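**Q**
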Amino acid sequence: MTEIDLSALTAAELVDGYRSGAFTPLDATRSVLDTIAEHDPAVNGFVRVDPDGALAQATASTERWRARRPLGGADGIPTSVKDILWTAGLPTIRGTWLIDEAGPWPEDAPAVARLREAGAVIIGKTTTPEFAWKGVTDSLRHGSTGNPWDPGLTSGGSSGGAAAAVGLGMGPWALGTDGGGSVRIPASFTGTVTIKPTYGLVPLYPASPFGTLSHAGPMTRTVTDAAALLDVIAGFDSRDWSAVPTPQTSFLAALDDGIEGMRIGFSPTLGYAKNDREVERLVRAAVGVLESEGARVDEIDPGFADPVEAFEVLWFCGAAKVIDAYPPGAIDRIDPLLREGIETKGRGSAADYLDATAVRMDLGRLMGRFHETYDLLVTPTMPITAFERGLQAPEGWPSVWWPSWTPYTYPFNMTQQPAASVPCGITDAGLPVGLQIVGARHDDARVLRAARAYERASGELFVRPVDNPRGAR
Numbered sequence: 025m026t027e028i029d030l031s032a033l034t035a036a037e038l039v040d041g042y043r044s045g046a047f048t049p050l051d052a053t054r055s056v057l058d059t060i061a062e063h064d065p066a067v068n069g070f071v072r073v074d075p076d077g078a079l080a081q082a083t084a085s086t087e088r089w090r091a092r093r094p095l096g097g098a099d100g101i102p103t104s105v106k107d108i109l110w111t112a113g114l115p116t117i118r119g120t121w122l123i124d125e126a127g128p129w130p131e132d133a134p135a136v137a138r139l140r141e142a143g144a145v146i147i148g149k150t151t152t153p154e155f156a157w158k159g160v161t162d163s164l165r166h167g168s169t170g171n172p173w174d175p176g177l178t179s180g181g182s183s184g185g186a187a188a189a190v191g192l193g194m195g196p197w198a199l200g201t202d203g204g205g206s207v208r209i210p211a212s213f214t215g216t217v218t219i220k221p222t223y224g225l226v227p228l229y230p231a232s233p234f235g236t237l238s239h240a241g242p243m244t245r246t247v248t249d250a251a252a253l254l255d256v257i258a259g260f261d262s263r264d265w266s267a268v269p270t271p272q273t274s275f276l277a278a279l280d281d282g283i284e285g286m287r288i289g290f291s292p293t294l295g296y297a298k299n300d301r302e303v304e305r306l307v308r309a310a311v312g313v314l315e316s317e318g319a320r321v322d323e324i325d326p327g328f329a330d331p332v333e334a335f336e337v338l339w340f341c342g343a344a345k346v347i348d349a350y351p352p353g354a355i356d357r358i359d360p361l362l363r364e365g366i367e368t369k370g371r372g373s374a375a376d377y378l379d380a381t382a383v384r385m386d387l388g389r390l391m392g393r394f395h396e397t398y399d400l401l402v403t404p405t406m407p408i409t410a411f412e413r414g415l416q417a418p419e420g421w422p423s424v425w426w427p428s429w430t431p432y433t434y435p436f437n438m439t440q441q442p443a444a445s446v447p448c449g450i451t452d453a454g455l456p457v458g459l460q461i462v463g464a465r466h467d468d469a470r471v472l473r474a475a476r477a478y479e480r481a482s483g484e485l486f487v488r489p490v491d492n493p494r495g496a497r
């Protein structure tokens, strides 16, 4: 065994070590399992860890690397899966008492299947709120998930367990899902990296009840790792009627080509939001870094009003269909706030749904035109930093509904555009802030390229909170 803390390494660094023989996938998996045992009790990032299965997969990967026949750049990388995505051999409970964990669980979701084909080591399932319905991670069944920087604060949601896992070295990368911000909210709150890819690039099966709002994507510590994981999971799957063809070019191919001459629109508020002072300061400084790298930046709003009412109609109609699929009385066994949302926002008419869809189509058309002028749109990922664990909104906030404090994320689920979040600094209180980079549909590679350019130029290397705890300078 090596004395290196392998749980602190990125996926790219692990592959380099496997290739050189400095350590093995079995070494890395043991280190990650030790890290989970040490840190997960404080944050509740996992609902299930599969040490026996993970060690068996890691042993097989070690043998492939020793024979110099790895399956690719994901072979032997310890990976967690959000407990929304089917994972063969492991229950998918989705944070609810309505699902019985008794098997069998015979089938993988498409992204999980691609990971297995690539030799990744599935270490377990990460926490989610019930049916991934909200922007914090807590449920009646599994409790709440804390933030790596301060376990008393939320990690965000709904992929909060995945973000906590990545943030603490409990696996260098994770699979999350995003229907209104669910990978970007926790990435911003935990100082990690993510991209919500163009809709259909990462197939989903079973189909999400939230329909074409829902995306699946990578959660990592670096942009390079995010691009590498997206390479693995972005592949056509016939089970998803809306899946797009498998990309023919790696997302790593032009990742370091820089942003000289790119046209970027910077909107600090989208015309309707309001940011904490330090969020505004750090995001503006990050935009300055993009300018220093040769991008042409204009401060401009894209020109749409807050689409929250239309989003909530689409969202809660989907949530209502989730619960309607269960036997009578199911609605009385779920998160009370979810029940309230379904009853007050999710029982509208077909005309209401079509009106919301029309708002969505108008928004997509407007953003399509915006990207005729600008390659990218940059905003804060979140207007705030992480707040108290167990709350549904910051203390004193005027609304308990999660879209009220996530104004920058859900619009781009409605438009199906790729949107990344990359850490852009730490507040005076010692909490991370995220920069959101949005691209035109199918322009994921450009989004990642800009995120990488910022990451490289800013000198902001990922630091695990356990190595640099909240408040450290």
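Numbering (our numbering), first residue to last: 25 to 497. All C-beta atoms, glycine included, are put in the ideal place defined by N, C-alpha and C. Note that the coordinates shown come from a computational prediction; the quantities given were computed from them, not determined experimentally.
1. Please state whether DSSP places residue 25 in a helix, a strand or coil.
2. Decide if residue 498 is buried, meaning its Cβ has at least 16 other Cβ atoms within 10 Å, or exposed.
3. Would you call the CB atoms of residue 289 and residue 459 closer than 8 Å?
4. What residues in its chain sit with their C-beta under 8 Å from that of residue 118, if we drop five residues either side in the sequence?
5. Can you tell me which residues form a DSSP beta bridge with residue 243?
6. Kindly indicate which residue of 377, 196, 256 and 71 has the alpha-carbon position closest to the one of residue 498.
7. Which residues bound the alpha helix (DSSP H) around residue 307?
8. Assuming residue 147 is part of the beta strand (DSSP E), what are its boundary residues?
9. Grab me the residues of residue 317's own chain with a C-beta within less than 8 Å of its C-beta, minus the 5 sequence neighbours each way, in chain order.
10. If the criterion is Cβ atoms closer than 8 Å, does the pair residue 472 and residue 135 meet it?
11. Could you give the residue range of the beta strand (DSSP E) that holds residue 105?
12. Quick one: is residue 86 buried, meaning 16 or more other Cβ sit within 10 Å of its Cβ, or exposed?
13. Could you give the DSSP three-state label for residue 356: helix, strand or coil?
14. Label residue 245 either buried or exposed according to how many other C-beta atoms from any shown protein chain fall within 10 Å of its C-beta, with 16 as the threshold for buried.
15. Let me check understanding here. Comparing Cα to Cα, which of 64, 241 and 266 lies closest to residue 255?
16. Would residue 44 be called buried (16 or more neighbouring beta carbons within 10 Å of its own) or exposed?
17. Is the beta carbon of residue 36 less than 8 Å from the beta carbon of residue 252?
18. DSSP on residue 267, reduced to helix/strand/coil?
19. Helix, strand or coil, according to DSSP, for residue 496 in the structure here?
20. Between residue 49 and residue 248, what straight-line distance do the alpha-carbon atoms span, to the nearest angstrom?
21. Taking residue 206 and residue 183 to be in contact with their CB atoms under 8 Å, please state how far apart those CB atoms are, rounded to whole angstroms.
22. Whose CA, out of 66, 185, 91 and 191, lies closest to the CA of residue 455?
23. Am I right that residue 291 and residue 331 are in contact with their C-beta atoms under 8 Å? What's the rounded C-beta distance?
24. My guess is that residue 234 and residue 203 are in contact by the Cβ rule of under 8 Å, so how many angstroms apart are they, rounded?
25. When burial is assigned at 16 or more other CB atoms within 10 Å of the CB, is residue 127 buried or exposed?
**A** Straight from the coordinates:
1. Its pLDDT being 43, under 50, residue 25 is placed unreliably by the model, and the measurement read from it follows with that caveat. Here residue 25 sits in coil by DSSP.
2. Because residue 498 is not part of the residues shown, which for the chain are 25 to 497, the question remains open.
3. no
4. 107, 108, 152, 154, 155 and 156
5. 198 and 218
6. Residue 498 is absent from the model: the chain starts at 25 and stops at 497.
7. Per DSSP, residue 307 is one residue of the alpha helix (DSSP H) stretching across 301-316.
8. 145-150
9. Closer than 8 Å at the Cβ level, and outside the excluded window around residue 317, lie 282, 283, 284, 477, 478 and 481.
10. no
11. 102-106
12. buried
13. It is helical.
14. buried
15. 241
16. When all chains shown are included, residue 44 counts as exposed.
17. yes
18. coil
19. Low per-residue confidence applies at residue 496: pLDDT is 34, beneath 50, and the placement is therefore not dependable enough to give any value.
20. Distance between the alpha carbons of residue 49 and residue 248: 20 Å.
21. 5 Å
22. The shortest C-alpha separation from residue 455 is found at 191.
23. Not a contact, Cβ separation roughly 14 Å.
24. Residue 234 to residue 203, Cβ: 5 Å. Contact.
25. exposed
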